[in-house]
Structure formats: structure tokens, C-alpha cells
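Here's the structure we're looking at; comments come further down.
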Amino acid sequence: MIEAAPLPAIRRRRWELTRLLSMGFASLAALAFLGMLALFAVQSLPIWRHAGMDFLLGESWFFRAQRFGVLPMVYGTLAVSAVALLTAAPLGIGAALLTAEVLPRRGRLAIKTAIELLAGIPSVVYGLLGVLLLRNWMHRLLSPWEPLSGDTLLTGGVLLGVMVLPTIMTLADDALSGIPAAQRLAARALGLNRAETAFRISLRQALPGLASAVLLGLGRALGETIAVFLVIGRQDNQWPQRLLSLQPLTGAGQTLTTKLGGSETFLAYGDLLHWGAMMGLSLVLFGVVALVNLAGARLAMRRDGRA
Amino acid sequence: MLRTGKLLLTFGCLLAAGLAFAAKPLRINGSTTVNPVVAEAAEILRAERGLTIHVDTQGGSSGGIAALGDGRAEIAMISRPLEDEDRTRYPKAHFQPIRIGSDAVALVVSRDVWVGGVHSLSKAEVQGIYEGRIRSWRELGGSERRIVFFNKEPGRGTWEVFAHWAYGDPQKAPLVNLPEVGANEEALNKVASTQGAISQLSSSWADGKRVFALGIKKEDGKVVQPALTAVRDGSYPLARPLQVVTDGPPRGESKALVDFLLSPRGQALVEKHGYLAVSGKAAAR
Amino acid sequence: MRRWLDRGFLLSVALCGAVACAILLGIAGAILWRGIDVLDWHFLTREALGAGASGGVLYEIAGTLILIVTALAVSAPLAMGVALVQVVYVNGVEARRRLLVALYMANAVPSVLFGVAGLMVFTRFLGWGKSWLAGGILLGLMILPTLSVAVIERMRSLPRKYLETAAGLGLSRSQIVWSVLVPQSAAGLISGALLGLARAAGETAPILFAAAVFSGAGLPSGIRDSPVVALPYHIFVLAQDSFDPAVESHLWGAAFVLLALVLGLSLAALPARLRLHEEAKNA
Numbered sequence: 001m002i003e004a005a006p007l008p009a010i011r012r013r014r015w016e017l018t019r020l021l022s023m024g025f026a027s028l029a030a031l032a033f034l035g036m037l038a039l040f041a042v043q044s045l046p047i048w049r050h051a052g053m054d055f056l057l058g059e060s061w062f063f064r065a066q067r068f069g070v071l072p073m074v075y076g077t078l079a080v081s082a083v084a085l086l087t088a089a090p091l092g093i094g095a096a097l098l099t100a101e102v103l104p105r106r107g108r109l110a111i112k113t114a115i116e117l118l119a120g121i122p123s124v125v126y127g128l129l130g131v132l133l134l135r136n137w138m139h140r141l142l143s144p145w146e147p148l149s150g151d152t153l154l155t156g157g158v159l160l161g162v163m164v165l166p167t168i169m170t171l172a173d174d175a176l177s178g179i180p181a182a183q184r185l186a187a188r189a190l191g192l193n194r195a196e197t198a199f200r201i202s203l204r205q206a207l208p209g210l211a212s213a214v215l216l217g218l219g220r221a222l223g224e225t226i227a228v229f230l231v232i233g234r235q236d237n238q239w240p241q242r243l244l245s246l247q248p249l250t251g252a253g254q255t256l257t258t259k260l261g262g263s264e265t266f267l268a269y270g271d272l273l274h275w276g277a278m279m280g281l282s283l284v285l286f287g288v289v290a291l292v293n294l295a296g297a298r299l300a301m302r303r304d305g306r307a
Numbered sequence: 001m002l003r004t005g006k007l008l009l010t011f012g013c014l015l016a017a018g019l020a021f022a023a024k025p026l027r028i029n030g031s032t033t034v035n036p037v038v039a040e041a042a043e044i045l046r047a048e049r050g051l052t053i054h055v056d057t058q059g060g061s062s063g064g065i066a067a068l069g070d071g072r073a074e075i076a077m078i079s080r081p082l083e084d085e086d087r088t089r090y091p092k093a094h095f096q097p098i099r100i101g102s103d104a105v106a107l108v109v110s111r112d113v114w115v116g117g118v119h120s121l122s123k124a125e126v127q128g129i130y131e132g133r134i135r136s137w138r139e140l141g142g143s144e145r146r147i148v149f150f151n152k153e154p155g156r157g158t159w160e161v162f163a164h165w166a167y168g169d170p171q172k173a174p175l176v177n178l179p180e181v182g183a184n185e186e187a188l189n190k191v192a193s194t195q196g197a198i199s200q201l202s203s204s205w206a207d208g209k210r211v212f213a214l215g216i217k218k219e220d221g222k223v224v225q226p227a228l229t230a231v232r233d234g235s236y237p238l239a240r241p242l243q244v245v246t247d248g249p250p251r252g253e254s255k256a257l258v259d260f261l262l263s264p265r266g267q268a269l270v271e272k273h274g275y276l277a278v279s280g281k282a283a284a285r
Numbered sequence: 001m002r003r004w005l006d007r008g009f010l011l012s013v014a015l016c017g018a019v020a021c022a023i024l025l026g027i028a029g030a031i032l033w034r035g036i037d038v039l040d041w042h043f044l045t046r047e048a049l050g051a052g053a054s055g056g057v058l059y060e061i062a063g064t065l066i067l068i069v070t071a072l073a074v075s076a077p078l079a080m081g082v083a084l085v086q087v088v089y090v091n092g093v094e095a096r097r098r099l100l101v102a103l104y105m106a107n108a109v110p111s112v113l114f115g116v117a118g119l120m121v122f123t124r125f126l127g128w129g130k131s132w133l134a135g136g137i138l139l140g141l142m143i144l145p146t147l148s149v150a151v152i153e154r155m156r157s158l159p160r161k162y163l164e165t166a167a168g169l170g171l172s173r174s175q176i177v178w179s180v181l182v183p184q185s186a187a188g189l190i191s192g193a194l195l196g197l198a199r200a201a202g203e204t205a206p207i208l209f210a211a212a213v214f215s216g217a218g219l220p221s222g223i224r225d226s227p228v229v230a231l232p233y234h235i236f237v238l239a240q241d242s243f244d245p246a247v248e249s250h251l252w253g254a255a256f257v258l259l260a261l262v263l264g265l266s267l268a269a270l271p272a273r274l275r276l277h278e279e280a281k282n283a
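If you're matching them up, the sequences are chains A, B and C in order.
By our numbering, the letter at position 105 of the first sequence is numbered 105, and the numbering carries on one by one without gaps.
By our numbering, the letter at position 241 of the second sequence is numbered 241, and the numbering carries on one by one without gaps.
By our numbering, the letter at position 74 of the third sequence is numbered 74, and the numbering carries on one by one without gaps.
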């Protein structure tokens, strides 16, 4: 690493073209991202002026009546992501335990390769499978609760869970494999069996890394648009009638991302207030995703000991 | 490094060349009802006269007007009459609607509802379903099954025609929480694949095999079917014009397309897709 | 008792692994199996007709390729700049860490936000209408963090002695950058690029608003009002109309082509990725 020990007696010209070029390109990149954020902030001013906190706390969204409230969409986003994590985290961590603790080197490599490849399946393909297959299965599965169709929050959540499964699995495996093999060998030599080694040695130490894996998977789930768009029903104002009721999960819903990816963005294009509301949505989405990923990244850095 | 430099240079030259010789395409945007006709006309004109035409249906009728008003399109396709609201929203534009045909908006249901015995609805019944007061098909003479109303997105021409009929004015339509569908294709798909489903759809898209168009029960008890004959003589209340809109009188390539649509060949396309021609002719069913 | 716990543990993780693999392999397998029926030379070389009910996906493939090549052209120089700044030009451990965190955060920006921002910036501010270049730039920005991190990791794993030797020979800092760092990290750029392009090829949301149309676009001719048709958007629109049996088989074929493209790019990146993983562990 260049920073560990300063390179001795390096000649630095007073100005370096390379340095300027690199800084220039990097600044351009930073400008693009910060510019996006600024765009959302500035263009959402109309809605803050119009509704203020009611935008964030409002329970209904009727754009024709100029009523804009994001709470049902935030609920949809969180509900779908929660279902996704509940399906993906146990499966992913369990499978990672398999590859990191149990399987021999070849087996681990084979499964890891397969999973890494499958992590790249485009979301529209997941969406297609959701529409053609998952939707009907969920409709049949949920029939005791009489859903209107197979397009429900639950369907979106399950699809999303399958999508983030490879991410969680890979990161969890990385976290568990970071535990030195020497510790495992020592534990086995002392007479601990595989389960005990896994729980007492690996899991305990890898906890930050596992938490980071789940958080980063959550981050990805929060930002997913296309696959969820196709199977969620896109119905506004779905809000649980009673606190902690699970009823909305069996009905259609709307998330922050599916609203932005739908045709209302085109409709809002010319109208200052409506577009301001859509920009407000973008800002909220940005904020939520940023928070979750910040937490996940911090934990990942602690895990790697990157200083 | 040199290789990358050369690559960038070539790229830059291509860009510049492209910019210099850019031919402005004709951009069309709007309703999914009018789209099949215009898209096919565009393909013919592309093949015969080499015109570059882009057709897009992402926002429906209202999206088309928005694109026209914003200057993002030269022609808007709408499946409803042009409203005052459209003109006030874009005061600088001079919208000129040109009718290319007529169509009927029908309430379509899935197969099980039709087979269950529901073949027509009155306005009061439709209002009841829309507002959630009537929840089961049994209340309307059908089988015991929950009514699933897929509401067309409020920006769609089909929805506006429906709202005009059911409530007199789209602004007066109550704000409801219903699952929404966008394009005609999506509405057809959702209704066909969901039991107990009903939605608003162009009557010519109801094929009588997967989805079925209901008749309208008028106040005097007579039932009017959404047939094109009823549209022509005005007895079906949910009739609507199919129009293309330009900003100012059509010029150049826009004029070429509009002229084609109004010509016998273009009108034959209108009939081919199941709509009523401007003259009132319809394809033999 | 302990033995039962052990057996239970082994069984559960084996089950998890089996279910996970089954799901993912099932997905890939379903597409491959259903899509292969539709696939023939005609499918790949004809344009889509009849709103997807017939014809092929020629222009969609071309459009996707145009988009990802543009994305690479936009992203590569920026990524190199970012990587060099992170590794060489920024001083201080804290600053370096913050930069890396910023990269992780940039990587997590939901793709739909790129699309929405692009609608405003390219279609309205710049007046481009729908443009392939807008799509390329947006995709390039989206994959920028992936490329940057790949190059950074590669640079970090360079043996110190290369740099020490170069410094010992009296090379200046920028000479070290150009003659040692950049050439040696080309492999990182390539593998990062392959991964990034695999992701860019499959993304729909960034190109949804400002770059892609469903039909009527062949090869673009200029920048303004020159959209493309692309595989992901094509599939996305048709998936909402999948009840027509003719369209359904066309859909499977298009999904197959897209998946093949994405998996091909990912496979190409795999050896480098795995090597990087192992190197990082052994370092």
C-alpha cells in the first residue's frame, strides 16, 4: 500500500498533469452523483412548500386532488423488504455456513461460482418469472385469505427475497471465511464438533460481517424497481387498518420505487407540484437507501479491518 | 494509452458526424387504443416513403397531450375528446384535434363472471361497484365471488370517458383505492387472468373468448350492447372519438401521416383494428 | 446430545444450501429450457414485428450493445480517475476510508433514480428527447462504483516491491503511476468492466425514461431524439402483456438472449474475481 510507508524520495513536480487529470475525472464523477442529489432536493421544493411534513406523514396519495402522502409507499417498501429479508437471510446465512464451515474447498468454490453467476440475473428476468409463475403460485397459496389476485405485497417480497439471496449468501460467506482456519482447526482439535465450532467460533466473531451482509442485502432490496413493479399490483393508499395487521400483505400495494417507475412520472412531468412530489419521493428513497447502506458499509469495513 | 486515445477520437468523430446528419424523426405519443392503427400506419409509411417515425405509449392519452405540449412529440394520440383542461394546461400550444375514427368503451369482465350470468350493468350498479358499495357478483345476479375492479389509470383516455359517463365529469369522480392498470394490453391481461374481474377497456379489444364486454342497462330498462352500430347511431353512451392532435395545423411529415390516416387506406386500418371509421363504416364482423 | 445438535446443524445448512441452489438453478434452468425452443437464426437476426408477437430481437440486441459500449466509454476514464485519487493522491487514512464509503454508497443508489434524474436532465434541460447517449451516460454512472472498486482492489494488491523498485530507480510519482500502476491494474479494470457491463446490460429502470422506446427505433442516427430499443425494456413491456401465447414464447426467447449475454459477461469476469478473492484472503 502506498500509504503504509511513504515512498522514499519521490519526486513530485509542483504540478502534475496526471494528478490534475485524475482529480478532474474524479471530481466529474462526484459532481454527477451530488448533482443528482441536488436535483432531487431543489426540484422537490414545491411539495415541501405545499405540504411540508404532511408529505412525509400523509396517508393518502391522490394526485388529481393534489393530495400527496408517502406513508403507504414507505410502508410498502418496508413490508416488501422485510419479507425479502425474512426469506433470504436465514437461507443465505445457512447456505453460507454450509460453504464456509462444512464443505471442502472444491465444493465451496463450485457453489460460490454458481451463486456469483446467478447474482447477475437481471431484475426484469426475475420480474418475468414472477409474472408468469410466482404470481399464480402465490394466488393459490394465499387462497384462504381470499386475495384479489396474485399481485400482492407478499409476492413482491418473496420475489425480492430470491433476488437478494445470492448477495446475502456471498457476503455472509466472505464474512465467515474471514475467520482464520487455524481457529477452526484448534477448536476441532479440542473436541468441538462442527456445529459447536460454527456457533461458538465462527458465528460469534463474524457477527458484524453477517449483519453487514444482511444490511447490504436490504439496501439492494430497497432500491429494486422492475421485478417488484410487475407483481405488486401497484395500488395506492394500501395502509394497514389496524396496527400490526398483516392483512395488507395479502393485497396489492405500492412502494417508493414502483411509484417512480410507473407512468405517473410521465404524467407529472409538466406539472410543478406533481413533479415536486415525485422528486420528494426520490429524496425519501435516496435517504432511506443511503442510511441502510451506510450502516452496512461501516460494518463491512470493521469486519475487514480496513483502516 | 494510445489505443484508448484513438478509440475516443473515433467515437468523437462518429458523434459529430451523427450530429451533423441528424434527421429529425416524427415523434408520436399517446393512447394505447389508437396506437395499433397509428403504429401500423407508421410502419407502412416507413417502408414506402422512408419516414422516420417513433411511436410511444408510456403515458396514455394524457401522456400524449403532455408530450405534445412540452414539445417532446409532434403528434399526440388520444382516445377521448380534447378537454378545456388540456388547453389551459398548455396555454402556448394550439392543439388541433383530428378525428380518425370512433370507438366504444366497454366494461369487460372475465369469463367466470360472464358464464355466471352477468351480461349487463346499469350506471347505478357501476357506481356502486366503483365506490365499493357492491362487493360481490351475487348482488348483481351472478355467482358468489368477490368483485375485483381493475381501474384504468386516471390519465388514460379510457378512464376519462368512463368517468364522464359515470359521474358527468372526471373531476367529480370519487377518489377510490383500486388496483390500477395502465395500457389496454395490461387491462386485458389482468381481467383475463383474474376471477371475478372487471375493468374499462375498448370494446374492440374484448374478444368474447378471454374477456367479455357487458351491455349497459339504460334507465328505461333497455340494454345497449357496445357494438359499433350502437356507437354510430349514438345509442351507446360510452362512445368516444379516436383522435390525433397536432400543435397548430399539421405540416410536413405530420401532415403526411394525418393525410394517410384519413385516406381510404388509413381508414381501412381503423376498421381492421375493430374501430369505427370516420364515415361510420365498420369492418364486417 | 451434542451429536444430535451437530447432525441437526449439518442437516439444516445442507438444506439451506440445497434450497438456495435449487431456486437459483431452477430460475436459470427455466429460462434456458423454455427459451431455447424459440431460439433460431431468424430470432437473432430479424426485428420485432407485431408488437412482439413475431419476428426477432435484432435491434434490441444492437441497442443493448450500443448502450453498454457507451457506458464503458463513459465509465472507464472516470473510474481510473477515482481509483488513482483513492490510492495515490488522497492523503490520510481517514480521507481514504471516507472515499471508499462514498463509493459503496454510490453503488447502492437505486437504478430508478438514475432514470428519473435522466428524464429531467437529458430530456428537459438538454432537450435531447429520448437518446441512446443519455442511456449510455446514465448506465456508465451506475456502474462507475463497480469499476472503481475493482481497480482500487487490484492496485492495492500489487506487490509493494514493484513500487519500491520504481521509486528506488528515481521515477517521479506520475511516472510511477503511468508505468507501473496503470498497466498492472488493467486486469482490474477489465474484470470490473465485465461485471459492470453485465449489470448494465440487464438494467431497465435507467433507460426507461430517457433512452428506450418499445418499437420504431432501429440504429440511432445522431444524439437528439435517437432512442434505441433494448432487450430489458422490450421484455419489461411485453411482460405486462404476457397472456398472448405467441408473445409468451417470444418473451422466453428474449429473456434467454438477455440472460446469455449477462451470464457470458459475468463468466468472463469470473476467473479474475475469484483470484482477487483468494489473493485478498492470503495477503
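We treat Cβ as the ideally placed atom computed from N, Cα and C, and that holds for glycine.
For Val237/C and Glu185/B, the gap between their C-alpha atoms comes out near 10 Å. In this structure, Ala20/C places its C-beta atom within 7 Å of the C-beta atom of Leu165/A. Contact of Gly140/C with chain B by beta-carbon distance below 7 Å is absent, the smallest such distance being about 13 Å.
In this structure, the CA atom of Val288/A is about 23 Å from the CA atom of Leu207/A.
Around the beta-carbon of Asp56/B, 16 or more other beta-carbon atoms lie within 10 Å, marking it buried. Leu85/A and Leu71/A have their C-alpha atoms spaced approximately 21 Å apart. The beta-bridge partner set that DSSP reports for Phe212/B consists of Val109/B. Contact note: Gln235/A reaches chain B through Asn177, Leu178, Pro179, Glu180, using a C-beta cutoff of 8 Å and chain order. Per DSSP, reduced to three states, the secondary structure at Glu180/B is strand. A direct Cα-Cα distance of roughly 7 Å separates Met279/A from Ala41/A. Around Thr146/C, the same chain offers Asn107, Gly192, Leu195, Gly196, Arg199 as residues with beta carbons nearer than 8 Å, after the five sequence neighbours per side are excluded.
In the structure shown, the three-state DSSP call for Arg133/B is coil. Within 10 angstroms of the beta-carbon of His139/A lie 16 or more other beta-carbons, which makes it buried.
Residues Arg138 of the same chain have their beta carbon placed closer than 6 Å to that of Glu144/B, with the five preceding and five following residues left out of the count. The secondary-structure analysis by DSSP pairs Leu228/B with nothing; it has no beta-bridge partner. Rounded to the nearest angstrom, the Cβ distance from Leu256/A to Thr77/A is 5 Å, consistent with a contact under 8 Å.
For Ala197/B, the enclosing beta strand (DSSP E) covers residues 197 to 202.
For Val228/A, the enclosing alpha helix (DSSP H) starts and ends at 226 to 231. Residue pairing for Ala212/C: DSSP places it in a beta bridge opposite Val228/C.
Close to chain C, meaning a Cβ-Cβ distance shorter than 7 Å, are the following residues of the stretch 42 to 57 of chain B: Ala42, Ile53, His54, Val55, Asp56. By the rule that beta-carbons nearer than 7 Å mark a contact, Gly188/C does not touch chain B.
By the Cβ-count criterion, Asn91/C is exposed, with fewer than 16 other Cβ atoms from all chains shown falling within 10 Å of its own Cβ. In the displayed model, Arg146/B falls within a strand according to three-state DSSP.
Ala100/A and Ser177/A have their C-alpha atoms spaced approximately 6 Å apart. Going by DSSP, Gly35/C is part of the alpha helix (DSSP H) stretching over 2 to 38. Taking a beta-carbon distance threshold of 7 Å, Val213/C counts as an interface residue toward chain B. Classified as exposed, Leu28/A has fewer than 16 neighbouring CB atoms from the shown chains inside 10 Å of its CB. Taking the CA atoms as reference points, Leu189/C sits about 34 Å from Trp41/C. Lys92/B sits in coil when the DSSP states are folded into three classes, being neither helix nor strand. By the Cβ-count criterion, Gly129/C is buried, with 16 or more other Cβ atoms from all chains shown falling within 10 Å of its own Cβ. DSSP places Asn29/B within a strand segment (E or B) once states are collapsed to three. Shortest Cα-Cα distance from Pro264/B to any of Ala41/B, Lys123/B, Thr88/B involves Ala41/B.
Residue pairing by DSSP puts Lys152/B in a beta bridge opposite Val181/B. Counting the other Cβ atoms within 10 Å of the Cβ of Gln243/B gives 16 or more, which makes it buried.
Below 8 Å, enough C-beta pairs join the stretch 219 to 235 of chain C and the stretch 255 to 266 of chain C to call them touching: three or more.
Under the three-state reduction of DSSP output, Ile223/C falls in the coil class, being neither helix nor strand.
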